[in-house]
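These notes concern the structure reproduced below.
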Amino acid sequence: MGKRAVLLLAHGTPESIDQIPEYLRNVTSGRPLPPEVVAEIQHRYALIGKSPLTEITLEQARLVEAELAACGEPAPVYVGMRNWRPYIPEVVRKMRDDGIEEAAIICMAPQNSRTSVGLYRRAVEAEAGNLRIDFTDGWARHPLLADAFAERLRPALRRLADEAGQAVPVLFTAHSVPTRTVQPPAAGSESGSRIWPGQGADPYAEEARHTAELVAERVPEIPNWWFAFQSQGASGGPWIGPSVEETLDQIAAEGHRWLILQPIGFLCDHVEILFDVDHLFRYYSVDKGIRLERPESLNASLTLARAVADLARKSFKRLLA
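Residue numbers (the working numbering): 105 to 425.
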């Protein structure tokens with residue numbers, strides 16, 4: 105058995121507003137965005153101060169490392185980002201320089217979209233060299249992931265239900281993606297020559313909904329719940345839905361005035377939670393006559409760390425096979 109480690113992968117976020125144009129070029133693989141879109145994203149970051157995604161992911165890595173040590177399978181845990189520092193290629197090279205020979209690779213986006221998660225995989229494989237890797241494609245159905253979300257949801261539900269004097273429903277969300285990235289190109293279409301990773305429909309939408317189902321099963325006091333995709337982007341073409349806004353319209357039309365919104369596609373606070381949920385959706389809900397609150401994000405959840413450590417141990421076993 106070689107010297108082994110864990111590598112956690114995440115989206116990445118700039119440290120300052122001035123870095124956002126460069127960051128967005130990384131996100132779009134160099135495709136320019138309209139100046140007004142860049143300005144709007146800078147405005148959103150300014151309103152929340154900064155995104156804590158990198159700092160929280162590094163803390164999650166420390167918790168996973170401690171969990172592995174406690175289970176008698178110690179291994180260092182590295183963090184690499186796809187769109188900002190520390191970049192995945194740089195971290196993989198450091199792992200090799202550190203003498204790592206085997207690595208469990210885990211994307212901190214549990215619902216697998218073959219196109220987006222595939223970009224993470226390719227970034228690792230391009231630098232892996234003789235580093236033997238085991239890549240976890242998706243873990244949307246891991247029971248400890250659902251447990252972690254349920255642990256955050258219960259106290260938020262109790263607080264709002266006490267205030268409302270009645271049981272409060274829940275809206276679960278995950279990040280939307282462009283429709284073209286999760287649907288194979290039609291035979292004979294202009295995009296038919298584009299490389300499509302795998303056969304059939306992409307699993308992302310189904311996996312996101314399944315995570316919501318698992319969380320709801322663990323919190324039977326939820327009277328009813330919905331699922332929507334949030335944070336549709338500004339790129340051309342349709343994004344998968346239903347959107348949060350149209351779902352809030354439906355919830356208001358049904359007469360609900362109290363609501364918990366829990367993102368189950370995100371493992372920590374960042375701009376899609378601190379701005380999209382805490383600003384956009386909250387104020388949109390007020391206009392619809394709905395009081396909207398959300399649970400604490402997973403962030404430094406020990407149950408989440410146990411889930412990721414379990415994934416790492418399973419990877420280590422596969423690397424031994």
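Ideal placement from N, C-alpha and C gives every residue a C-beta, glycine not left out.
Quick caveat, the model's predicted, so the values are computed rather than measured.
What number of angstroms, rounded off, separates the C-alpha of residue i from the C-alpha of residue j?
{"i": "Glu-231", "j": "Glu-144", "result": "34 Å"}
{"i": "Lys-154", "j": "Trp-243", "result": "28 Å"}
{"i": "Asn-130", "j": "Ser-335", "result": "18 Å"}
{"i": "Ile-210", "j": "Pro-156", "result": "20 Å"}
{"i": "Ile-368", "j": "Pro-136", "result": "30 Å"}
{"i": "Pro-282", "j": "Glu-255", "result": "31 Å"}
{"i": "Phe-370", "j": "Ala-213", "result": "7 Å"}
{"i": "Glu-83", "j": "Gly-116", "result": "Outside the shown range of the chain (105 to 425) lies residue 83, about which nothing can therefore be said."}
{"i": "Arg-186", "j": "Leu-151", "result": "24 Å"}
{"i": "Thr-132", "j": "Ser-217", "result": "17 Å"}
{"i": "Tyr-224", "j": "Glu-267", "result": "43 Å"}
{"i": "Gly-176", "j": "Leu-112", "result": "20 Å"}
{"i": "Asp-201", "j": "Trp-343", "result": "41 Å"}
{"i": "Gly-345", "j": "Tyr-182", "result": "34 Å"}
{"i": "Gly-269", "j": "Arg-262", "result": "10 Å"}
{"i": "Leu-325", "j": "Arg-258", "result": "For the sequence presented, residue 325 should be read as Glu rather than Leu. Distance between the alpha carbons of Glu-325 and Arg-258: 9 Å."}
{"i": "Glu-397", "j": "Pro-327", "result": "16 Å"}
{"i": "Glu-140", "j": "Gly-106", "result": "50 Å"}
{"i": "Asp-306", "j": "Trp-362", "result": "34 Å"}
{"i": "Trp-188", "j": "Gln-287", "result": "28 Å"}
{"i": "Val-195", "j": "Tyr-388", "result": "40 Å"}
Provide the residue span of the alpha helix (DSSP H) that contains residue i, from first to last.
{"i": "Tyr-388", "result": "386-391"}
{"i": "Met-199", "result": "192-201"}
{"i": "Arg-245", "result": "Here Arg-245 belongs to no alpha helix (DSSP H), and DSSP marks it neither H nor E."}
{"i": "Val-348", "result": "348-357"}
With a threshold of 7 Å (Cβ to nearest heavy atom), would residue i be considered close to the ligand NAD?
{"i": "Thr-219", "result": "Although the ligand NAD was asked about, the structure shown includes no ligands whatsoever."}
Classify residue i as helix, strand or coil using the three-state DSSP reduction.
{"i": "Ala-332", "result": "strand"}
{"i": "Ala-109", "result": "strand"}
{"i": "Pro-367", "result": "strand"}
{"i": "Arg-313", "result": "helix"}
{"i": "Asp-238", "result": "strand"}
{"i": "Ser-155", "result": "coil"}
{"i": "Ile-299", "result": "Bear in mind that a pLDDT of 39 at Ile-299, under 50, signals an unreliable position, so the model cannot answer this."}
What span of residues does the beta strand (DSSP E) with residue i cover, start to end?
{"i": "Phe-395", "result": "Just to set this straight, residue 395 is Arg in the shown sequence, not Phe. Start and end: 395-397."}
{"i": "Phe-420", "result": "No beta strand (DSSP E) holds Phe-420; the alpha helix (DSSP H) holding it covers 406-424."}
Check whether the region 404-420 and the region 355-370 touch, using three or more Cβ-Cβ pairs below 8 Å as the test.
no
Unbroken alpha helix (DSSP H) runs of length 4 or more, entirely within the region 251-287: which are they?
Runs of the alpha helix (DSSP H) spanning 4 or more residues and lying entirely within the region 251-287 occur at 283-286, in chain order.
In chain order, which beta strand (DSSP E) runs of at least 3 residues are fully inside the region 163-232?
181-185 and 206-211
Does the region 304-314 touch the region 271-287, meaning 3 or more C-beta pairs lie closer than 8 Å?
yes
Report the start-end ranges of each alpha helix (DSSP H) in the region 106-152 that is 4 residues or longer and not cut off at the edges.
124-131 and 139-152
Looking at C-beta atoms only, is the number of pairs between the region 199-210 and the region 235-242 that lie closer than 8 Å three or more?
yes
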